[in-house]
Amino acid sequence: MRAALLVVWLLGSLCSRELAVGDPGQPCQAPQQWEGRQVRYDHSSGRNTRALLSYDALQQRVRLLEERKALIPCKKFFEYIFLYQDAVMFQIDQATKLCSKIALTDQWDPLDIPQNSTYEDQYYIGGPQDQIMVQEWSDRKPARKYETWVGVYTVKDCYPVQETYTKNYSVTFSTRFFDIQLGILDPSVFTPPSTCERAQTRRMSDTC
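Numbering (UniProt numbering) for the sequence shown: 1 to 208.
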């Protein structure tokens, strides 16, 4: 009996030690409603796009408001409202309020870690006295050498930090997330303005 208890205690100690050094277990569950900011880098064009972000996984909708961080000649700034349950996206010119209504062909892709993801790494962002522990997950599978998605999420609270997508072994775009606040302060941000009642059906260019 004593030997059996000793074995149980040893196994428990080993499991606790594995968890302490970063045994990933199952992917964490990311928040379903939050607001923050993002920077998306398009690797093909070399351009960064900064935006305020409202994210609602419960109703499968996203709102992006591009930020004016610098004077860029001949650059238009847009607001985007993605309503995946209605399979439609609205593009609104921030200056003129001209609106485009475009059918969404992509499926809803939540900002979270799929349960069948592959654990890649765990590490700290920052330095001494100012660190945040994150985990890195991907869709890499044994039969495929390279991943097409890599997500970095905080260990505490499972906030998104960065997501990177690749295609044909090349990075297509990567997005960083920051200044996250839980909840949606004003749900009306997902309601298109009245100008969208007369929306055009073609996407507007972001240049003159």
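No residue lacks a Cβ here, since even glycine has one placed at the ideal position from N, Cα and C. Just so it is clear, the structure is predicted and the values come from calculations on it, not from any experiment.
**Request:** Determine the direct distance from the alpha carbon of residue 128 to that of residue 66, and round the result to whole angstroms.
**Result:** 34 Å
**Request:** To the nearest angstrom, report how far apart residue 54 and residue 187 are at their CA atoms.
**Result:** The alpha-carbon atoms of residue 54 and residue 187 are separated by roughly 9 Å.
**Straight-line Cα distance separating residue 208 from residue 110** = 33 Å
**Request:** Starting from the Cα of residue 124, find the closest Cα among 133, 116, 118 and give me that residue.
**Result:** 133
**Prompt:** Excluding sequence positions up to five away, which residues of its chain have a Cβ less than 6 Å from the Cβ of residue 83?
**Reply:** Result list for residue 83: 61, in chain order.
**Straight-line gap, residue 152 to residue 130 (C-alpha atoms, nearest Å)** = 18 Å
**Request:** Specify the secondary structure class of residue 74 as computed by DSSP and reduced to three states.
**Result:** Coil, per DSSP.
**Request:** Report all residues from its chain with a CB closer than 7 Å to the CB of residue 15; omit the five preceding and five following residues, and keep chain order.
**Result:** Model confidence at residue 15 stands at a pLDDT of 41, short of 50, so the residue's coordinates are unreliable; what they give is reported in the following sentence. Excluding the 5 residues flanking it on each side, residue 15 has no same chain C-beta neighbour closer than 7 Å.
**Request:** Return the CA-CA distance between residue 90 and residue 140, expressed in angstroms with no decimal places.
**Result:** 33 Å
**Asked** What span of residues does the beta strand (DSSP E) with residue 163 cover, start to end?
**Response** Per DSSP, residue 163 belongs to the beta strand (DSSP E) from 160-167.
**Prompt:** DSSP on residue 189, reduced to helix/strand/coil?
**Reply:** helix
**Prompt:** In chain order, what residues of the same chain lie with their CB nearer than 8 Å to the CB of residue 196, ignoring the 5 residues before and after it?
**Reply:** 90, 92, 99, 101
**Prompt:** Would you say the beta carbon of residue 129 comes nearer than 7 Å to a heavy atom of the ligand ZN?
**Reply:** Among the ligands in the structure shown, none appear at all, so the ligand ZN cannot be discussed.
**Asked** Taking the alpha carbon of residue 85 as the point to measure from, which residue in 104, 74, 97 has its own alpha carbon closest?
**Response** Checked all of 104, 74, 97; the closest Cα to residue 85 is 104.
**Message:** Going by C-alpha to C-alpha distance, which of 97, 136, 179, 115 sits closest to residue 198?
**Reply:** Selection 97, 136, 179, 115 evaluated against residue 198 yields 97 as nearest (Cα-Cα).
**Request:** From the DSSP output, in three-state form, read off residue 197 for me.
**Result:** helix
**Request:** For residue 34, write down the residues that DSSP places opposite it in a beta bridge.
**Result:** 55, 182
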